[in-house]
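Engineer:
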Amino acid sequence: MRISRMAMAVGLIAVPAWSATSGVVDAHSAQDPARSVTITDIDSCPVLGEKDFIDSWGDPRSSGRRHEGVDMVAERGTPVVAATDGDAEFKRSNLGGNAIWLTSDRGARFYYAHLDA
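Going by the working numbering, the sequence shown runs without a break in its numbering and finishes at 260.
Shown next, in the form of structure tokens:
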């Protein structure tokens, strides 16, 4: 589904998270990829209104996985928009619940998870 940044506005978020598979990696990341990534494809913060950021990048998860995102926590009903123009794919999984994969026009991928609907 083709989507513009503003058209993706939805008012149904509990805890969004995103990760990008492309971007510029800083010097620390070259040595330790779990440390940090500079995201270059973001046009705006995807959570409108008041939110808190939780930096848990690289933290251990189940089945030997590592967390590859920055969590933004907001009150239920806080609007969410696409971070950039691109193609959105809506999915549901046991790990992310209601989720959206957004692929930017330049190929960066963003993962919005734990959406209310």
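The C-beta atom is built at its ideal place from N, Cα and C for all residues, glycine as well.
#1: Excluding the five sequence neighbours on either side, which residues of its own chain have a C-beta within less than 6 Å of the C-beta of L245, listed in chain order?
#2: From this set, N237, I243, R204, which residue's C-alpha is nearest L258's C-alpha?
#3: If we ignore side chains and look at the alpha-carbon of each, how far apart do G166 and S247 end up?
#4: Within this structure, are the beta carbons of G192 and P222 separated by less than 9 Å?
#5: Can you tell which of D198, G220, E218 has the C-alpha that lies nearest to the C-alpha of E211?
#6: Based on Cα-Cα distance, which residue from A256, R219, F196 lies nearest to N237?
#7: Determine which residues share a DSSP beta bridge with N241 and list them.
Structural biologist: Based on what the coordinates show:
#1: A225, G229, A231, F253
#2: I243
#3: Any reading at G166 needs caution, since the residue's pLDDT is 38, under 50, leaving its predicted position unreliable; the model's value is listed next. Each residue's alpha carbon lies about 11 Å from the other.
#4: yes
#5: D198
#6: A256
#7: R235, L258
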